Amino acid sequence: HLPQFLPTRHGFDEFFGLPYSNDMWPNHPTGKYPELPLIENDKIIQLMPDQSQLTTQYTERAVNFIERHNDKPFFLYVAHTMPHVPLFVSEKFKGKTARGLFGDVIEEIDWSFGQVMATLKRLKLDDNTLVIFTSDNGPWLSYGNHAGSAKPLREGKGTEMEGGVRVPFLARWPRKITAGAVSREPVMTIDLLPTLAKLIGAETPKDRIIDGRDIWPIMAGKKAKSPHDALYFYWGKELQAVRSGKWKLHLPHTYRFIETPGADGKPGKDTYPKIELSLYDLEADIGETTNLADKHPEVVERLMVFVERARADLGDS
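In the numbering used here, the protein residues as written are 2 to 318.
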């Protein structure tokens with residue numbers, strides 16, 4: 002929440018929103034957080050805002066931003082607070098879905114995205130704007146009916162299983178991206194920086210290693226392969242898994258398993274079992290159910306080369 006860490010000190014001209022997760026407030030089960038601040042640019046404009054209005058407020062700000070910048074190139078990043086818990090929804094969407102509060106929240110996000118798209122169309126910008134829709138992680142399964150589902154993927158948020166790290170990614174840019182094209186190549190959101198930089202002719206920093214790669218051929222709908230020979234999955238400083246092509250290798254580690262899901266905003270009971278060295282074929286076994294490490298030792302050996310490369314580069318606690 003300190004000024005030096007806010008988006009306006011890191012390349013953004015404007016900012017409106019919460020500086021961190023919406024559960025970091027006095028009503029958190031631990032009770033250890035201060036009053037939640039709503040920030041505009043670098044000033045706190047309200048403490049403990051009405052969270053049921055956040056989705057609407059973000060949407061109104063997004064539409065206004067597009068309207069004010071429609072005559073020149075712009076970059077708009079709309080990172081909704083919802084559906085992070087605690088869940089809140091405005092009156093106009095309360096009780097609208099059969100899924101309960103979680104469904105209502107998703108319905109309101111759907112409306113919000115529609116408002117952004119309608120604004121682009123109204124201002125005749127929709128054919129010349131790259132729109133990307135994605136998420137940061139899988140569902141927080143501990144919250145039961147206040148969480149989504151990643152089925153048939155294994156586990157959810159807080160794990161390096163596919164249910165925790167594999168998320169939807171949609172991109173739209175008429176006449177630049179092939180409509181209806183689907184790619185199953187493994188890429189990461191780290192790839193967005195170099196991809197967008199190349200599209201606008203910007204230089205990426207030369208004083209550090211950029212781990213992402215240009216994935217424009219994949220986004221454009223061409224039959225392109227992933228530019229990564231391997232992708233790495235860390236939990237904090239611990240390397241837990243590596244993926245190369247269809248193969249994913251889990252190193253021995255403990256992971257979050259939801260023994261009893263919670264309900265109505267209360268978390269359930271988590272346990273932390275240990276997964277041993279495990280190899281999965283994600284093309285044949287998207288749910289990571291069958292460990293093939295013993296049957297394919299040569300694949301394990303090949304992926305361990307990537308593991309050691311990551312350890313040498315990034316470390317491993």
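Beta carbons are placed, not taken as given, at the ideal position from N, Cα and C, and that holds for glycine.
Just so it is clear, the structure is predicted and the values come from calculations on it, not from any experiment.
Inspect the CB distances between the region 83 to 95 and the region 121 to 129 and report whether three or more fall short of 8 Å.
no
Following a CB-centred definition, is residue 289 positioned closer than 7 Å to any heavy atom of the ligand NAD?
Ligands are entirely absent from the displayed structure, and the ligand NAD is therefore not among its contents.
I'd like the list of long-range same chain contacts for residue 8, defined as Cβ closer than 6 Å, with 5 residues on each side in sequence excluded.
In the sequence shown, the residue the question calls residue 8 occupies position 7. These residues qualify, in order along the chain: 16.
Grab me the residues of residue 10's own chain with a C-beta within less than 7 Å of its C-beta, minus the 5 sequence neighbours each way, in chain order.
Mapped onto the sequence shown, residue 10 falls at position 9. The answer, listed in chain order, is 4.
Measure the C-alpha to C-alpha separation of residue 64 and residue 83 and round it to an integer number of angstroms.
What you label residue 64 is simply residue 63 of the sequence shown in a count that begins at 1. What you label residue 83 is simply residue 82 of the sequence shown in a count that begins at 1. Cα to Cα, residue 64 sits roughly 18 Å from residue 83.
By how many angstroms is the C-alpha of residue 23 removed from the C-alpha of residue 137?
Here the question's residue 137 lines up with position 136 in the sequence shown. Here the question's residue 23 lines up with position 22 in the sequence shown. Looking at the two C-alpha atoms, the distance is approximately 15 Å.
Can you give me the C-alpha to C-alpha distance between residue 211 and residue 190, rounded to a whole angstrom?
For this step, residue 211 is matched to residue 210 along the sequence shown. For this step, residue 190 is matched to residue 189 along the sequence shown. About 12 Å.
Are residue 221 and residue 179 touching if we call contact CB-CB under 8 Å?
Within the sequence shown, numbered from 1, the residue matching residue 221 stands at position 220. Within the sequence shown, numbered from 1, the residue matching residue 179 stands at position 178. A contact, by the Cβ cut-off of 8 Å.
At the level of alpha carbons, what is the spacing between residue 58 and residue 48?
For the purposes of this step, residue 58 is taken as the residue at position 57 of the sequence shown. For the purposes of this step, residue 48 is taken as the residue at position 47 of the sequence shown. Rounded to the nearest angstrom, the two C-alpha atoms are 15 Å apart.
C-beta atoms of residue 260 and residue 271 nearer than 8 Å:
The residue labelled residue 260 in the question sits at position 259 within the sequence shown. The residue labelled residue 271 in the question sits at position 270 within the sequence shown. Cβ atoms of residue 260 and residue 271: closer than 8 Å.
Does the Cβ-Cβ distance between residue 280 and residue 294 come in under 8 Å?
Looking up residue 280 in the sequence shown gives position 279. Looking up residue 294 in the sequence shown gives position 293. Yes, the pair counts as a contact, with Cβ atoms nearer than the cut-off.
In whole angstroms, what separates the C-alpha of residue 326 from that of residue 304?
The requested residue 326 is not part of the displayed model; the chain covers only 2 to 318.
Separation of residue 192 from residue 14, as counted between CA atoms:
The residue given as residue 14 occupies position 13 in the sequence shown. The residue given as residue 192 occupies position 191 in the sequence shown. Straight-line Cα distance between these residues: approximately 23 Å.
Whole-angstrom distance between residue 37 and residue 119, CA atom to CA atom
On the sequence shown, position 118 is the one that residue 119 refers to. On the sequence shown, position 36 is the one that residue 37 refers to. When rounded, the distance between both Cα atoms is 32 Å.
Taking 8 Å as the limit between beta carbons, can you name the residues of its chain near residue 273, skipping five residues before and five after?
Taking the first residue of the sequence shown as 1, we reach residue 273 at position 272. Excluding positions up to five away in sequence, the list reads 255, 256, 257 and 258.
Anyone know if the C-beta pair for residue 195 and residue 214 falls short of 8 Å?
On the sequence shown, position 194 is the one that residue 195 refers to. On the sequence shown, position 213 is the one that residue 214 refers to. Cβ distance < 8 Å, so residue 195 and residue 214 count as in contact.
Just reading off the beta strand (DSSP E) that residue 41 is part of, what are its end residues?
Counted from its first residue, the sequence shown places residue 41 at position 40. Per DSSP, residue 41 belongs to the beta strand (DSSP E) from 38 to 41.
Three or more C-beta pairs under 8 Å: does that hold for the region 224 to 241 against the region 305 to 316?
yes
Bridge partner(s) assigned by DSSP for residue 239:
On the sequence shown, residue 239 is found 238 positions in, with the first residue counted as 1. In DSSP, residue 239 forms a bridge with 236.
Should residue 164 be labelled buried (16 or more other beta-carbon atoms within 10 Å of its own) or exposed?
One-based indexing of the sequence shown puts residue 164 at position 163. Buried, by the Cβ-count rule.
Would you mind sorting residue 140 into buried or exposed? The rule is 16 or more other CB atoms within 10 Å of its CB.
Within the sequence shown, the letter at position 139 stands for residue 140. So residue 140 counts as buried.
Considering only the beta carbon of each residue, do residue 173 and residue 132 sit closer than 8 Å?
Here residue 173 corresponds to residue number 172 of the sequence shown, with the count starting at 1. Here residue 132 corresponds to residue number 131 of the sequence shown, with the count starting at 1. Their beta carbons are under 8 Å apart, which means residue 173 touches residue 132 by this criterion.
Nearest to residue 249 by CA position, among 54, 297, 18 and 27, is which residue?
Walking along the sequence shown from the start, residue 249 turns up at place 248. The candidate whose alpha carbon is nearest that of residue 249 is 297.
Within 8 Å, strictly: CB atoms of residue 146 and residue 101
For this step, residue 146 is matched to residue 145 along the sequence shown. For this step, residue 101 is matched to residue 100 along the sequence shown. Their beta carbons are under 8 Å apart, which means residue 146 touches residue 101 by this criterion.
Return the bridge partner residues of residue 280 from the DSSP annotation.
In the sequence shown, residue 280 corresponds to position 279, counting from 1. DSSP, once it has assigned bridges, lists 250 as partnering residue 280.
Candidates 202, 247 and 267, of which the one nearest residue 74 by Cα:
Here residue 74 refers to the residue found at position 73 when the sequence shown is read from its first residue. That would be 202, whose Cα lies nearest to the Cα of residue 74.
Near residue 43, what residues of its chain come up, given a Cβ to Cβ distance below 8 Å and the 5 sequence neighbours on each side ignored?
Along the sequence shown, read from residue 1 onward, the residue named residue 43 stands at position 42. So the list reads 4, 7, 9, 10 and 16, once near-sequence residues are dropped.
With 16 other Cβ atoms within 10 Å as the buried cut-off, status of residue 204:
The residue given as residue 204 occupies position 203 in the sequence shown. By the 10 Å Cβ count, residue 204 comes out exposed.
Name the two residues that bound the continuous alpha helix (DSSP H) containing residue 203.
By one-based count along the sequence shown, residue 203 stands at place 202. Premise fails: residue 203 is in no alpha helix (DSSP H) and is neither H nor E.
N-terminal and C-terminal residue of the alpha helix (DSSP H) that residue 1 is part of
Look at the range of the chain in this structure, 2 to 318, and you will see that residue 1 is not part of it.
Are the CB atoms of residue 107 and residue 56 nearer to each other than 8 Å?
Taking the first residue of the sequence shown as position 1, residue 107 is located at position 106. Taking the first residue of the sequence shown as position 1, residue 56 is located at position 55. For residue 107 and residue 56, no; Cβs fall outside 8 Å.
Contact set for residue 40: own chain, Cβ-Cβ below 8 Å, skip 5 residues either direction:
Stepping through the sequence shown from its first residue, residue 40 is reached at position 39. Once the five neighbours on either side are set aside, the close Cβ partners of residue 40 are 2, 7, 16, 17, 18, 19, 20 and 46.
Just the Cα atoms here: how many angstroms apart are residue 81 and residue 167?
On the sequence shown, residue 81 is found 80 positions in, with the first residue counted as 1. On the sequence shown, residue 167 is found 166 positions in, with the first residue counted as 1. Roughly 19 Å between the two C-alpha positions.
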